[in-house]
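Whatever position you read off the sequence shown (first residue = 1), add 835 for the numbering used here. All C-beta atoms in this analysis are idealised placements derived from N, C-alpha and C, irrespective of residue type, glycine included. To start, the structure itself, in structure tokens.
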Amino acid sequence: MNVPAAEERVTKMSRTQEKSIEDDEINLFNPAILDRLPISHVSGLLIMPLRSTDYDKGFLVLLSQLTDVGNVTKEQFLNRFYSMKTAGGYYVVVIEDVNSGKVIACASLVVEQKFIHNCSLRGRLEDVVVNNNYRGQSLGKLVVTIVAQLARYFHCYKLSLDCVDRLVPFYENIGFKRETNNANYLNMRFHSENATEQSRL
Ligand SMILES: CC(C)(COP(=O)(O)OP(=O)(O)OC[C@H]1O[C@@H](n2cnc3c(N)ncnc32)[C@H](O)[C@@H]1OP(=O)(O)O)[C@@H](O)C(=O)NCCC(=O)NCCS
């Protein structure tokens, strides 16, 4: 048997398999859930769960308009994507411009399981960003509203967020409220020498 040729065949086969695994479009969560929500769809825009293919559709470039993302490779992205999918409780919603094939807005719902309030669920709104060429067209409001609808769909008892002072009116406009005696926001930041600089948000 020609061993090098056989090895080459195996290598080629595994490369092909790797490629097909990477190229398969996997949803972070079941897209049928979004179909059950009263979402106002906009022509030319696709509202989807984050997909494994969104690395190539500029998802991280979009996030870099929010904060420092770092040099995340496709492999790192996919590892984190599948880790979130396996863990459950991560609902990243993206809006894609069908013409450009790029992700132009996103927001995340993280569902935290509690013992309190009869083993309830608490939602957290995270990583809201609209591409700067698409701002002012109500897409921020749309993607945040979808996350709020998702939180309600999962029976979260509340949805909370952290934001800079200047964005409080944006969120109040969507229905979030500063609660008297209950609107503090404190951080303890952990900096490691090896870690990329931690997010300021
Ligand atoms: C904040 C952000 C998501 C808003 O997106 P957007 O698509 O431009 O916002 P919308 O067009 O949906 O605005 C919805 C409403 O909020 C208002 N609004 C938008 N940005 C606002 C701001 N910075 N401050 C106050 N109000 C704001 C709009 O005037 C609009 O009001 P209206 O409904 O009365 O017309 C976008 O500016 C962004 O991505 N910024 C950079 C990332 C960021 O800071 N994300 C938030 C992290 S907490």
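What is the C-beta distance between F916 and S887, in whole angstroms, given that I count them as a contact (C-beta under 8 Å)?
6 Å
Name the two residues that bound the continuous beta strand (DSSP E) containing R915.
Note, R915: premise wrong, no beta strand (DSSP E); alpha helix (DSSP H) at K909 to A922.
Runs of beta strand (DSSP E) wholly within the stretch 935-1020 (minimum 3 residues, chain order)
937-948, 956-965 and 991-995
Could you say which of F864, A942 and M883 lies nearest to A922 if we only look at CA atoms?
F864
Confirm, please, whether the CB-CB distance from G893 to K937 is below 7 Å.
yes
Find out if the Cβ-Cβ distance for the pair L901, V964 is shorter than 7 Å.
yes
Taking only heavy atoms of ligand 1 into account, decide whether any of them is closer than 6 Å to the Cβ of V896.
no
With respect to the beta strand (DSSP E) encompassing I882, which residues constitute its N-terminal and C-terminal limits?
L880 to P884
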